[in-house]
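The sequence shown lines up with residues 4 to 191 when you count with our numbering.
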Amino acid sequence: MSEIQISESDIPSSKIKITSENETLGFVDEEIQIVEFISGNEHYAINLFDVREVVEYTRITRVPNTHRYMRGIIDLRGEIMPVIDLGVLLHSHDMNNVSEKEENCRFIVLDEHVVNKKVCIMVTDVLSVSTFSSSQVDTGSTCENEKTGHILGIIRKELRNADKISNALLIWINIASLLHGIEINSLR
């Protein structure tokens, strides 16, 4: 077996951590920042930098002859934006059998770089903006299936109640990949 030597200059300084007095090199976990939300009964997350803002429900104007996931359009401070029902798109709830009231939903306004258009997604609720280390993300075989190519990973989130610790699983979505190729009403 040959020996591989790595010098400190071979690794970006942001990845180096001194782990002992001998200056043994180790890799530091990268951190990811996400917006955590609920759609239907499932917990999801998208990258924080894909989000422009989160707004409370405002009246949706329906647009005829559009896909089921296209709820309509809204006027957000003078900007007309299409509204995509993420629950219908992800099959986490059926549009005709939604348990939550539409008026209690939130809109996540996406940054224009995501799909090169102004668009927002409708979700049941937005829970938080959180930071996780890459060690909390499982990017295993569940995420490699070509039918789920829009899933970046599963985030393990520790929940602490008064006397109990449990875990929640967040499905981390590549929102650009998910929305790429779907027909978004080009009204502006």
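Every residue, glycine too, gets a C-beta built ideally from N, C-alpha and C.
Since this is a predicted model, take the numbers as computed values, not measurements.
ask   = What residue does the alpha helix (DSSP H) around Val122 start on, and which one ends it?
value = Counted from its first residue, the sequence shown places residue 122 at position 119. From DSSP, Val122 is part of no alpha helix (DSSP H); its letter is neither H nor E.
inquiry  = In this structure, how does DSSP classify Leu89 when only helix, strand and coil are distinguished?
reply    = Looking up residue 89 in the sequence shown gives position 86. Assignment of Leu89 by DSSP, reduced to helix, strand and coil, places it in the helix class.
ask   = Apart from the five residues just before and just after Ile87, which ones in its own chain have a Cβ nearer than 6 Å to its Cβ?
value = Sequence index remark: in the sequence shown, residue 87 carries index 84 (1-based). Residues of the same chain with a CB within less than 6 Å of the CB of Ile87, apart from the 5 flanking positions on each side, are Tyr72, Ile124 in chain order.
Ala171 burial status per 10 Å Cβ neighbour count (16 or more: buried) = Here residue 171 is taken as the residue at index 168 of the sequence shown, counted from 1. Burial call: exposed.
message = Taking the beta carbon of Val38 as the centre, do at least 16 other beta carbons fall within 10 Å, making it buried, or is it exposed?
response = Taking the first residue of the sequence shown as 1, we reach residue 38 at position 35. With 16 or more other Cβ atoms within 10 Å, it is buried.
Start-to-end residues for the beta strand (DSSP E) that takes in Ser180 = To locate residue 180, count along the sequence shown from 1; it is residue 177. Segment 178–182 is the alpha helix (DSSP H) holding Ser180; no beta strand (DSSP E) there.
request  = Identify whether Asn68 lies in helix, strand or coil by the three-state DSSP scheme.
outcome  = Indexing the sequence shown from 1 puts residue 68 at position 65. Three-state DSSP puts Asn68 in coil, outside helix and strand.
task = Would you decide whether Gly75 is buried or exposed? Buried here means 16 or more other CB atoms lie within 10 Å of its CB.
result = Taking the sequence shown and counting its residues from 1, one reaches residue 75 at position 72. Label assigned to Gly75: buried.
message = By the three-class DSSP mapping on this structure, what secondary structure does Ser169 have?
response = If you number the sequence shown from 1, residue 169 lands on position 166. Correct three-state label for Ser169: strand.
query = What residue range is occupied by the uninterrupted beta strand (DSSP E) comprising Lys104?
reply = As a working note, residue 104 is residue 101 in the sequence shown. Looking at the DSSP string, Lys104 is not in any beta strand (DSSP E), and its letter there is neither H nor E.
task = Rounded to whole angstroms, what's the CA-CA distance from Glu33 to Ser137? Just pull it up for me.
result = Mapped onto the sequence shown, residue 33 falls at position 30. Mapped onto the sequence shown, residue 137 falls at position 134. If you take the alpha carbons of Glu33 and Ser137, they lie about 5 Å apart.
query = Would Ile157 pass as a contact of Ile174 if the rule is Cβ separation under 8 Å?
reply = By one-based count along the sequence shown, residue 157 stands at place 154. By one-based count along the sequence shown, residue 174 stands at place 171. In this structure, Ile174 lies closer than 8 Å to Ile157 by Cβ.
query = In this structure, what does DSSP give as the bridge partners for Ser136?
reply = On the sequence shown, residue 136 is found 133 positions in, with the first residue counted as 1. Beta-bridge pairing links Ser136 to Glu34.
inquiry  = If you reduce the DSSP assignment to three classes, tell me which class Asp114 lands in.
reply    = Taking the sequence shown and counting its residues from 1, the one referred to as residue 114 is at position 111. Coil, per DSSP.
ask   = Going by the CB atoms, is the gap between Thr127 and Ile187 shorter than 8 Å?
value = Here residue 187 refers to the residue found at position 184 of the sequence shown. Here residue 127 refers to the residue found at position 124 of the sequence shown. Contact flag unset, no.
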